[in-house]
Amino acid sequence: MSAWTLAQKPVKSSKDLANRFIGILQSGSAQNLKSISPSLEVFKLFASSSGTQEALDEQYNYAEGKLKTILDNIQGFALDAKKLQFKSLKESKILVVSQNYYALQVIVNYQTTTDTLILEAFKDKKNWYLVDISNEDADFNSIYQKHAQYTAKQYYDLAITQINEEKYDDALKNLGKSDFLSPKNKEVFYQKGLIYKKKNDKFKAQEMFRTAIFINSEFAPAYFESALLGMDDEEYYYEAISNFEYCMNNDYQSHIAAKHLVKIHRKELDKAEEQEYNTEENLKYYYDKLSQATNKALEKEEELNNEEKAFIYYQKALCMMMEDKHKEAQKDFEKVISFDSKNHKALYELSWLENEFGNFKKSLEYAQKAYDLEKDPEYLAEMAFAKKNLGDYKGAIEHYNTLFSLGEQHPTAKKYQNRGDCYKALKNNKMACADYKKAIELGGEDKAMQDWMKKNCK
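Numbers 1359 to 1816, taken from this note's numbering, label the letters of the sequence shown in order.
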């Protein structure tokens, strides 16, 4: 391995300087090592040794250009100690000697150093020279790459500190330098994305998150942040769905991703149900997606607020209803009410289920609560059905009358038949016949109803 180091204290002779630094390296003194620092002036050595001074002068204010010029012109640059004539160096110059140059730790004070893309240097140091004191040739490019990675990490760490201090513009500059020195670091682009998100530049933020994903297709944090940005944006909406699903399926913020997916899949399902050409198979696909998201979101139920719990349990219950799992749905709707006692939709669904189970008194209680909260005609229908089965025929007829008066969309064959049953129970055959006739006109096919009509209706 090539031996390199950097030195800065003046000495009486060049040979004395070289010996001093060899001693520093051998002693491993922390205090001595703290006095060692790289310098921007190392460019002067490359220029004089490689004949690139003119090219470097053209890039006077452009550090990236200087670095590129060096890399383009120097391959395996090294000096052999045996060939080096120390007496040829002027005593006023500072000799650069290193052992393990790329990893040499120095205290880097970013407020008092000259900012450069290759090295951090104290402003008052001049005329630094690079000398190889090993017995092997030094491979400049390999050493540069290792040092570049080390320096890139310093820039990245500084940027994180600046982000925490809300110095976003400074952080972006240092992240850019980190990327220049050590390209294709997913974390750099991820942090850039977070900064642009804070600056409300959604387009740039998405660009950064997408780049991070391009660099590493398994980098879940970038998927998550991209999805959060895109879920309310028409351009990124479906990409957001895919990104949230990636996070949910790879256990990164999975319960949060699932929480958002519940809302998204509910919206998609609503759109699908409005389309007449949607098949049962297609709807099942959306319900399966919704069910998967609700189950995942509820794995960390304790991290949800009551409003979120009520919404997610309601969607879970609807999925159970879709699968005809009525008992499971009932439990989930009851959960909804426990978190939101005024959720009239859940109260209505419970009323419907209790009617199905034959618990008409309980059904009536739920339906009445729902109707008190929201004057929905369908809630009246459940109240009427429950009262009919409880023997309150006049009460049921009153509710059906109110329901039918609210618009022609509310009467159905079954509801006319139910009201007809109430009239029949009250021995009002004329009104019963009228309702049964309307029920048949609307498609009613109940055989018992038709047989009764043959005997009692003209």
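Even glycine gets a Cβ: it sits at the ideal position worked out from N, Cα and C.
Looking only at its chain, what residues have a beta carbon closer than 6 angstroms to the beta carbon of residue i, apart from the 5 residues adjacent to it on each side?
i: CYS1815; result: CYS1791
i: TYR1774; result: ASP1793, LYS1796, ALA1797
i: ASP1528; result: GLN1520
i: ALA1580; result: TYR1548, PHE1567, ALA1570, ILE1571
i: TYR1781; result: MET1789, ALA1790
i: VAL1546; result: LEU1533, SER1536, ASP1537
i: ALA1742; result: ALA1754, HIS1757, TYR1758
Just the Cα atoms here: how many angstroms apart are residue i and residue j?
i: ALA1675; j: LYS1746; result: 27 angstroms
i: GLU1740; j: ASN1636; result: 28 angstroms
i: TYR1830; j: GLU1565; result: No answer is possible for residue 1830: the residues shown for the chain start at 1359 and end at 1816.
i: TYR1794; j: SER1709; result: 25 angstroms
i: LYS1772; j: ASP1779; result: 10 angstroms
i: ALA1517; j: LYS1562; result: 18 angstroms
i: LEU1530; j: LYS1654; result: 36 angstroms
i: ASN1713; j: TYR1729; result: 16 angstroms
i: SER1721; j: ASN1574; result: 55 angstroms
i: ALA1725; j: ASN1601; result: 41 angstroms
i: GLN1808; j: LYS1625; result: 43 angstroms
i: HIS1757; j: LEU1705; result: 18 angstroms
i: GLN1389; j: ASP1559; result: Below a pLDDT of 50, predicted positions are generally treated as unreliable, and GLN1389, at 44, falls in that range; no measurement from the model is reported.
i: ILE1599; j: CYS1605; result: 10 angstroms
i: HIS1768; j: ALA1687; result: 26 angstroms
i: GLY1801; j: ASN1664; result: 44 angstroms
i: TYR1672; j: ASN1787; result: 43 angstroms
i: LEU1764; j: ARG1777; result: 16 angstroms
i: GLU1681; j: LYS1642; result: 9 angstroms
i: ILE1755; j: ASN1607; result: 52 angstroms
i: VAL1620; j: PHE1669; result: 9 angstroms
i: ALA1630; j: GLU1523; result: 47 angstroms
i: ASP1482; j: TYR1554; result: Its pLDDT being 32, under 50, ASP1482 is placed unreliably by the model, and nothing is read from it.
i: PHE1718; j: ASP1698; result: 23 angstroms
i: ASP1750; j: LYS1733; result: 21 angstroms
i: HIS1334; j: GLU1639; result: For residue 1334 there is no data in the structure shown, the boundaries of the chain being 1359 and 1816.
i: GLU1707; j: ALA1744; result: 13 angstroms
i: ASP1690; j: GLU1603; result: 24 angstroms
i: LYS1658; j: TYR1596; result: 25 angstroms
For residue i, name the three-state secondary structure that DSSP assigns.
i: LEU1784; result: coil
i: THR1509; result: helix
i: LEU1364; result: Because LEU1364 sits at a pLDDT of 36, beneath the cut-off of 50, its placement in the model cannot be relied upon, and the point is left open.
i: CYS1815; result: coil
i: GLN1443; result: At GLN1443 the pLDDT is 36, less than 50, meaning the model places this residue with poor confidence and gives no usable figure here.
i: HIS1768; result: coil
i: LEU1877; result: Past the edges of the chain, shown from 1359 to 1816, lies residue 1877, and the structure says nothing about it.
i: MET1589; result: coil
i: GLU1799; result: helix
i: GLN1611; result: coil
i: GLU1681; result: coil
i: THR1637; result: coil
i: TYR1594; result: coil
i: LYS1700; result: coil
i: GLU1524; result: coil
i: LEU1722; result: helix
i: LYS1560; result: helix
i: LEU1662; result: coil
i: LYS1481; result: Here LYS1481 scores only 27 on pLDDT, less than 50, and its place in the model should not be relied on; the value that follows carries that caveat. Coil at LYS1481, not helix or strand.
i: ASP1628; result: helix
i: GLY1534; result: helix
i: PHE1547; result: helix
i: GLY1321; result: The question about residue 1321 has no answer here: the residues shown for the chain are numbered 1359 through 1816.
i: PRO1541; result: coil
i: LYS1733; result: coil
i: ASN1713; result: helix
State the CB to CB distance for the pair residue i and residue j, rounded to an integer number of angstroms; the pair is presumed to be in contact (CB under 8 angstroms).
i: TYR1610; j: LEU1627; result: So it is not a contact: roughly 25 angstroms between Cβ atoms.
i: LEU1533; j: LYS1550; result: 5 angstroms
i: ALA1615; j: PHE1582; result: 7 angstroms
i: GLU1666; j: HIS1613; result: 10 angstroms between Cβ atoms; not a contact.
i: LEU1731; j: LYS1700; result: 6 angstroms
i: LEU1784; j: THR1760; result: The Cβ separation is near 18 angstroms, so there is no contact.
Give me, in chain order, the residues of the same chain whose beta-carbon lies closer than 7 angstroms to that of residue i; leave out the 5 immediate sequence neighbours on both sides.
i: HIS1684; result: LEU1711, GLU1714
i: CYS1677; result: TYR1645, LEU1648, SER1649, THR1652
i: LYS1556; result: TYR1526
i: MET1811; result: CYS1791, TYR1794
i: GLU1632; result: none
i: THR1770; result: LEU1800
i: PHE1762; result: HIS1768, PRO1769
i: PRO1735; result: LEU1761, LEU1764, HIS1768
Ignore the nearest five residues each way along the sequence and tell me which others in residue i's own chain have a CB closer than 8 angstroms to its CB.
i: TYR1594; result: GLN1564, SER1584, LEU1587, GLY1588
i: LYS1542; result: ILE1573
i: LYS1813; result: none
i: ASP1804; result: GLN1775, ALA1797
Does the CB of residue i have a neighbour CB from chain C at under 8 angstroms?
i: LYS1625; result: This model lacks chain C altogether, as it is built from one protein chain only.
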